[in-house]
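Just so you know, the sequence shown maps onto residues 31 to 344 in this note's numbering. Note that the Cβ used here is the ideal one computed from N, Cα and C, for glycine as well.
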Amino acid sequence: MSDFQYLTPGRAAIFKDRYVTKVTDCINPYQKGANADIGIIGLPVSKSSISPSLAADAPNTIRNALNAYSTYSGEQNHDYKDTTILDFGDVYTHPTNLEETTERLYISVKEMLQTNSCNRYIMLGGDHGVSYPSIRAFQEYFGRVGVIQLDAHHDVRNLEDGGRTNGTPFRSLLVGGFLNGENLSQIGIRDFANAKVYNEYVKNKGVAVYTMNDVDRIGIVPIIQKEMERLAQKVDFIYLSVDMDVVDQAFAPGCPAIGPGGFTSRELLSSITVVAKHPKVKAMDIVEIDPSKDVRDITCRLAAHAMMRFMYTN
Ligand code: CA
């Protein structure tokens, strides 16, 4: 028996409605032998970001933001309270050696996959550099990968000017032979955020590129549907990489590279719903959120909602 009626030592006092399940109620730490629908891992790295970034702090802020939401979808008339989630925690990074850190991300994602414990996985960045070791690990485990990259930028910068950064992950994947250019779709590419040479680079590699003008003209749902069908015929599984700066600065103020003319939050969520419906989808990463630049957790709450669309779409 507790000594107290209204106190739980060491715990915050949080209101509990007996009819409501919070997303956080469904998350358990990974233990050997455990199985679940979804696995979550934090990749807390942003030291190699070109613009100053504390995106390494995002995994925990996004996890906390999940506490704002219930598991019930009125649209689908379904309560997802029985969808199970395992949290693998955050990768312990090296404080100064970036190559060593990249290797640890790769090893950790691979170790997570080798547990064979979950149907799908969510990686929480970190800056976009984390997608390089993450996608590399996934393609080693699941075979030929198709990637839907929602991003304002191509992320294929040269390595001579700054080495591996958050501007180079897709170049590293293409050059390393881990990803075939024809199996990459870059959607949401924005004006005045890239260079001509990088646009030509991805086109020469056979990458499918959709600009914001294409999104305006065609609509985001038809674009994603078309690319999912195209990729699904060619690859063993599909990986969704969500750079939050694809979203307009009005809806995602916490990104280091904010800008106007991007996705609305609804366009982001609709995109994820279309992707999540496809059986070949295995993974999503969410990157480029710096909680120290966020306003009222707007960007982290959008990321949490994006996770729920990914986890809770039938
Ligand atoms: Ca990016």
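Relative to ligand 1, E318 has its C-beta within less than 7 Å of a heavy atom. Looking at Y231, D246, V325, the one whose alpha-carbon comes closest to that of V205 is Y231.
Rounded to whole angstroms, L270 and G104 show a C-alpha spacing of 25 Å. If the five residues before and after T54 are omitted, its C-beta is found closer than 7 Å to the C-beta atoms of L96, N97, all from its own chain and listed in chain order. When beta bridges are read from the DSSP output, N58 appears opposite L116.
Take the alpha-carbon of S300 and the one of V272: they are about 13 Å apart.
Cβ-Cβ distances below 6 Å link Y60 to L116, F118 in the same chain, with the five nearest sequence neighbours on each side left out; the list follows chain order. K52 sits in a strand when the DSSP states are folded into three classes. Note on geometry: alpha-carbon atoms of H124 and P74 lie some 11 Å from one another. The Cβ neighbour count for R220, taken over all protein chains shown within 10 Å, is at least 16; the residue is labelled buried. Screening all residues for a C-beta within a distance smaller than 5 Å of any heavy atom in ligand 1 leaves H158, D181, H183, D185, D273, in chain order. Taking the Cα positions, P283 is about 14 Å away from A182. I248 is not a Cβ neighbour of I217, given a cutoff of 8 Å.
Sequence-distant partners of P89 (beyond 5 residues in either direction) whose C-beta falls short of 8 Å from its own C-beta, in its chain, are G72, L73, P74, D120, L154, G155, G156.
A distance below 8 Å separates the beta carbons of G159 and R194.
Rounded to the nearest angstrom, the gap between the Cα atoms of D109 and D67 is 15 Å. With contacts defined as CB atoms closer than 8 Å, V175 and I254 fail to qualify as a contacting pair.
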